[in-house]
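Heads up, the thing below is written out as C-alpha cells.
In this note's numbering, the protein residues as written are 1135 to 1217.
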C-alpha cells in the first residue's frame, strides 16, 4: 500500500467525499467505469488546462500535479470526448 497526497481532486469523485491523502491499495490491470484513478499531469495545456473541483471551481492543472479522478464517459459540445 502506498499513501499519496493529491494536489487536486476532480468533481466526478464528489459522491466519494475523498480527501487529498489517499491510500493506493492496488493496481488494476483491467480498469472499468467508476474506478478511481490517481494520475500525475505530464504537461500543461492552454486549451484544456483546468480541472473542475468538487466545489465547482475550476483549477489550473500544473505539470507535476497529482490528480484524483474517476473513469467514465464524458460528452461535451466541443473539445475532448472520451470513452
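Yeah, the Cβ is synthetic: ideal placement off N, Cα and C, and Gly gets one too. Note that the structure is a prediction, hence the values are computed from the model and not measured.
Residues of its chain near residue i, where Cβ-Cβ distance is below 6 Å and the 5 sequence neighbours each way are ignored
i	result
residue 1147	1202, 1204
residue 1165	1205
Extent of the continuous beta strand (DSSP E) to which residue i belongs
i	result
residue 1155	1155-1158
residue 1186	1184-1186
Residue i, buried or exposed, once every other Cβ within 10 Å from all chains shown has been counted against 16
i	result
residue 1207	exposed
residue 1157	exposed
residue 1185	buried
For residue i, the nearest candidate out of the options (CA to CA)
i	options	result
residue 1178	1191, 1200, 1187, 1170	1200
residue 1136	1152, 1151, 1159	1159
residue 1181	1194, 1174, 1152	1194
residue 1150	1171, 1163, 1141, 1138	1171
residue 1198	1169, 1175, 1141, 1138	1175
Whole-number beta carbon distance between residue j and residue i, since they are thought to touch under 8 Å
i	j	result
residue 1161	residue 1143	The pair is not a contact, with the Cβ atoms about 20 Å apart (cut-off 8 Å).
Cutoff 8 Å; reference residue i; Cβ partners in own chain excluding five residues on either side
i	result
residue 1167	1205, 1206, 1207
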